[in-house]
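One line per chain: the protein sequences are H and U, in this order.
Everything in the first sequence is counted per our numbering, starting at 1 for the first residue and increasing by one.
Everything in the second sequence is counted per our numbering, starting at 1001 for the first residue and increasing by one.
Just so you know, even glycine gets a beta-carbon here, dropped at the ideal spot from N, CA and C.
Given the structure is predicted, the values throughout are model-derived calculations rather than measurements.
The block underneath contains the structure these notes are about, expressed in structure tokens.
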Amino acid sequence: MIKAKQKPITEIKGLIAPYNNILVLGCGTCVTISFAGGEKEVGMLASALRIAAALEGKEQTFAEATVQRQCEWEFIDAVADQIQRADAVLSLACGVGVQALAERYPDKVILPGVNTTFLGMAVEHGVLMERCRACGDCILGLTAGICPIARCAKNLLNGPCGGSQNGKCEVDPDLDCAWQLIYDRLARLGQLDRLATIMAPKDWSKDFDGGPRKIVREDLKL
Amino acid sequence: MTDKHDTKPLTPAAEPLPPCAAACPAHTDVRSYVNAIARGDFEEAYRIARESNPLPYVCGKVCAHPCETQCRRGDVDEPVAICALKRLATEKHDLRKGHAPGLSVAEPKQDKVAIIGSGPGGLTAAHDLKRMGYQVTVFEAFPKLGGMLQLGIPLYRLPRETIEIETAPLKELGIEFVTDKRVTDVDALLADGYKAVFIAVGSHVGRKLRIPNADLPDAWLNTEFLRKVALGEKIDLRGRHVLVLGGGNVAIDVARTALRLGAARVGMTCLESCTKQPAHPWEIAEALEEGIEMFHDRTFKEIVAENGKVKGVRCVKVNFRGFLPTGAPDMDEFPETEHILPADLVIFAIGQGPDLSFLPKDGSIAQTPRRTLQVDPITLATTKKGVFAGGDAVTGVGFIIDAIAAGHRAARSIDAYLRGVDPASVQPPEPEQLGDLKEKTISHIRRLKREEMPILNAETRKGNFDEVYLGYTETQAVRAAQRCLTCGAGATVNAEKCIACLTCVRVCPYEVPVLERGTAEVAVDQCQACGLCASECPAKAISMKLYNDNDMIKDIRSAVHRARGNGEPVIVGFACRYCAYAGEEPNVVKARLPKNVKTIDVLCSGKVDALYLLKAFEAGADGVFVAGCLVGECHNEKGNVHAAQRVAYVKRLLDEIGLGGARLEMFNMSPAQCADMNAAVSTLLTKVKELGPSPVRRA
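Listed below in structure tokens is the structure:
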């Protein structure tokens, strides 16, 4: 799922500084699960911003709402009135939601309240880890289900590099070396021979290098 | 075939009751008043306890408390001391506010209702009918009101002032009481303009066994004996050797009363074995403490006498298995076990029934083969139109709370009858009851010892009629109430908001939430109401039944408002009831705090949502604290750890926005350290003063 992290409040304060009536708009799906932009965080952030405004003697007001998914027209239209009443919308959705709002409400100032960070999962409660780079050309079938693109700092296709020390990455001693993980799991699966085959360069045109990507299912179009 | 979903009722069924309320014949909202005591809100506890019961003072002392037998805390360690808590709530209640503050009374109606008997059933029906506006007259055969409360229950269990406290307000309510008036003609009452009659005459006639010498002057009856003592007749049993035949609660009352009248030796003997004796175990234990002897497993052949003087009772040992449907005992006598239990006074306490000699001779008010009144069990209607009956006169000897429930039922029926409505249609269905706790849930519940009831010691009490139970102190009561598992009042999930993020599943210390059909479900009969899931849910999809965010935010604003005024910094604290005051009375601790410091009590600091901390500052607090238990001592395993993490998170946030994280503190304290709350608050106050007043203060 998409993981996000709330922006530092000082940055948010700067973004909203010119506006008086601000709608803090949460998103009820991915950012809720990543504890960054659900109804709870909307309440917390709005309260903190009210306190901050009072500290600076500002006359800002903060309305609160949360929709199920900001990346769908139907859901954001459900709060159209509140959006229209606001000078600016502080969206706690991922970048997709922020842009959906901007596209749907062309005359409205839409501001991001979170940094959309990665595709990942909670490895334990409160700890989120990146797992996928959405490269558009999945090779997990070749790497024992562990992604070297998302989890190796160098995106190596034929690792590990010399920076792998005792199973950890030289970038961060707490970070597992993805290629060590791949090696261990291949060994467990009895597929170590796969390492004898050199992987050819990846087709990066399917990644962002080919420009913004688009998926079309002609069979589903209305 | 019909799909089973199609047969679902349109309105959801009423929620299952916690076992205490389901077991209570009057379905008293036990959970709510116990919870109010746990929060230290004694007036609210009284209000709730009074709502369903016009005799809470009496019940707080002598209710048989079937609620405790069913209490699920008993599956963990020992049941919550519900009865003693009700007593405390009545003792703390300020009677100047009235016996039933806030209870409504309808406009007066013309219809007159007669009630025969002023026991708990009669008083309850009278109370309810008077509140509905009817003209109610209660006829009592004896000089004092209360029925068996007055004439049967010994003073050492129920001081008569307690009955006076309950009956005086009923007189003020406008119920007419006619004492010393034994009703002998029900038809005459109906002819006299009473539109309906409720017969609640109790079971005041004791029974003797048909054995030789049962009619000797020194072979007495339980009911007569207790009634004479209760009405103040001087009975001197000094030097006597008393043997009570019977093993029930009345038999115990008889034996303990005999002891208090000076008897040199008192024994009890019954058919049942030691473990099957029908009296409440605590009554048996107290009787034994007072030196009363118990002789079990015996049947009685004759009262042995010489020259008309009782010498004892000839007994045979038996293996009693119970009573047959005919009423005869199912047992075998053991050969060659005949013996005499010596005594010079025998008191029969083997049961009692109603005196129904006043019923119309034409049989228009029918009786059962057991010589009790025959009624429709739903409406309590007798076989005579307009005449209803309930309590011991119908059921044989029951509990006070059974009679109270019957009084409520009769009042509903009589009101319906007088309005021309079918009485059966106004009686609520029997409620569903919550299921049992699972072993897994039980394994996570903190064991807490039941508070011992302060009691006169056996040597002090056995020579007089002083009340034996002394009642809990306020601190004891709060501790006792905190043992309540608040069954069924826990978390509810709003399925429309739940996004199955699994937070609740992961944080619950009791392993209760599960994901079903794509959303979280919290089993109502397992949830322990710790509140962790609600305060951690990122979707705000979970709320607690006994309090919610809106209630709390109101309390926060009120606390900020009350802490203002003397120019000192406004400090709001969230204090865990389990630890922050446990060593002392909460109100004493609170009174010692400076006036500018107000605390909001929570049952576990884990209920303190990070949002509440911000809301306190948003409302204008200059400083905020959370007082929770020491790590490892949390009632809910780790509620205090979560609270501390939230405090740390909000401190950083306050630093970032420039208000200053130092205005917020977490205190972890053990019960023994409660005096330290003052010290901890002083330290916080000093810091807050250094930072100056919060600019957020609102008008």
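Could you give the first and the last residue of the continuous alpha helix (DSSP H) run that contains residue i?
| i | result |
| --- | --- |
| H/G21 | The sequence as given places Asn at residue 21 of chain H; Gly does not occur at that position. Segment N21 to C27 is the beta strand (DSSP E) holding H/N21; no alpha helix (DSSP H) there. |
| U/V1514 | Looking at the DSSP string, U/V1514 is not in any alpha helix (DSSP H); the run it does join, the beta strand (DSSP E), is V1514 to E1516. |
| U/L1144 | At residue 1144 of chain U the sequence reads Lys, which differs from the Leu that was named. Taken as a continuous stretch (DSSP letters only), U/K1144 belongs to no alpha helix (DSSP H), as it is neither H nor E. |
| H/I16 | I9 to I16 |
| U/P1019 | P1019 to A1023 |
| U/E1690 | D1676 to L1691 |
| U/R1646 | G1639 to I1657 |
| U/A1084 | I1082 to K1092 |
Just the Cα atoms here: how many angstroms apart are residue i and residue j?
| i | j | result |
| --- | --- | --- |
| U/I1378 | U/A1410 | 9 Å |
| U/V1572 | U/G1463 | 53 Å |
| U/D1551 | U/Y1612 | 11 Å |
| U/I1292 | U/V1641 | 53 Å |
| U/C1504 | H/G126 | 13 Å |
| U/G1146 | U/C1020 | 26 Å |
| U/V1186 | U/V1375 | 16 Å |
| H/I123 | U/C1484 | Checking the sequence, you will find Val at residue 123 of chain H rather than Ile. Between H/V123 and U/C1484, the C-alpha separation is close to 36 Å. |
| H/A52 | U/L1614 | 11 Å |
| H/Q70 | H/P173 | 37 Å |
| U/F1334 | U/E1272 | 14 Å |
| U/P1159 | U/A1591 | 33 Å |
| U/N1457 | U/A1287 | 12 Å |
| U/H1005 | H/K202 | Only weak support exists for where U/H1005 lies, its pLDDT of 40 falling under 50; the value from the coordinates is given anyway. Computed Cα separation, rounded: 53 Å. |
| H/D207 | H/K154 | 16 Å |
| U/P1281 | U/E1289 | 12 Å |
| U/D1466 | U/P1154 | 10 Å |
| U/V1468 | U/R1157 | 6 Å |
| U/H1204 | U/F1358 | 14 Å |
| U/L1502 | U/P1513 | 9 Å |
| H/E39 | U/V1136 | 56 Å |
| U/V1242 | U/F1225 | 12 Å |
| U/G1692 | U/L1664 | 14 Å |
| U/P1054 | U/A1481 | 22 Å |
| H/R217 | H/V96 | 20 Å |
| U/T1372 | U/E1015 | 35 Å |
| U/P1012 | U/T1519 | Here the model assigns U/P1012 a pLDDT of 45, short of 50, so the residue's position is not dependable, and the following value carries that caveat. Spanning the two alpha carbons is a distance of roughly 19 Å. |
Just list the residues that DSSP pairs residue i with in beta bridges.
| i | result |
| --- | --- |
| U/H1099 | For U/H1099, which the question treats as bridged, DSSP gives no partner whatsoever. |
| H/C132 | H/L119 |
| H/D176 | H/K168 |
| U/D1341 | In the sequence as presented, Asp is not what sits at residue 1341 of chain U; that position holds Leu. Beta-bridge pairing links U/L1341 to U/V1313. |
| U/Q1427 | DSSP lists no partner for U/Q1427. |
| U/G1353 | U/V1205 |
Excluding the five sequence neighbours on either side, which residues of its own chain have a C-beta within less than 8 Å of the C-beta of residue i, listed in chain order?
| i | result |
| --- | --- |
| U/M1132 | A1106, K1109, A1411 and D1415 |
| H/Q191 | A144 |
| U/V1560 | V1570, V1572, K1598, A1616, A1619, G1620 and A1621 |
| H/W73 | A100 and R104 |
| U/E1233 | none |
Starting from residue i, trace the beta strand (DSSP E) in both directions and tell me its first and last residue.
| i | result |
| --- | --- |
| U/H1241 | H1241 to L1245 |
| H/Q6 | I2 to Q6 |
| H/P148 | Premise fails: H/P148 lies in the alpha helix (DSSP H), P148 to R151, not in any beta strand (DSSP E). |
| H/P112 | V109 to P112 |
Note down, in chain order, each residue of its chain lying with its Cβ closer than 6 Å to the Cβ of residue i, except the 5 sequence neighbours on either side.
| i | result |
| --- | --- |
| U/D1077 | R1447 |
| U/L1088 | Y1472 and A1477 |
| H/I46 | For the sequence presented, residue 46 of chain H should be read as Ala rather than Ile. Counting only Cβ-Cβ distances below 6 Å, and skipping sequence neighbours, we find V24, F62 and E64. |
| U/A1575 | T1599, D1601 and A1627 |
| H/F118 | K3 and E130 |
| U/K1144 | Q1150 |
Closer than 7 Å by C-beta to residue i: which residues in its own chain qualify, once you throw out the five before and the five after it? Chain order, please.
| i | result |
| --- | --- |
| U/I1303 | I1211, P1212, N1213, A1214, L1216, A1219, V1310, V1313 and V1346 |
| U/D1003 | For U/D1003, the predicted structure reports a pLDDT of 39, less than 50, and the residue's modelled location is therefore unreliable. A value from the coordinates is still provided. Correct list: empty, nothing qualifies. |
| U/G1202 | G1117, G1119, G1147, M1148, P1354, G1391, D1392 and A1393 |
Taking 8 Å as the cut-off, is the CB of residue i close to at least one heavy atom of the ligand GTP?
| i | result |
| --- | --- |
| U/Q1528 | No copy of the ligand GTP occurs in the structure displayed, which carries no ligand at all. |
In chain order, which continuous runs of the beta strand (DSSP E) of length 3 or greater are located wholly inside the region 20–81 of chain H? 21–27 and 61–67
What are the start and end residues of each continuous beta strand (DSSP E) run of 3 or more residues lying completely inside the region 1450–1529 of chain U, in chain order? 1491–1493, 1514–1516 and 1519–1521
Quick check for students: name the residue ranges of the beta strand (DSSP E) that lie wholly in the region 1564–1621 of chain U, counting only runs of 3 or more. 1571–1576 and 1597–1602
Quick one: complete alpha helix (DSSP H) runs, 4+ long, within the region 1176–1224 of chain U? 1186–1191
Beta strand (DSSP E) runs wholly inside the region 1118–1142 of chain U, at least 3 long, in chain order: 1135–1139
In chain order, which beta strand (DSSP E) runs of at least 3 residues are fully inside the region 1346–1398 of chain U? 1387–1389
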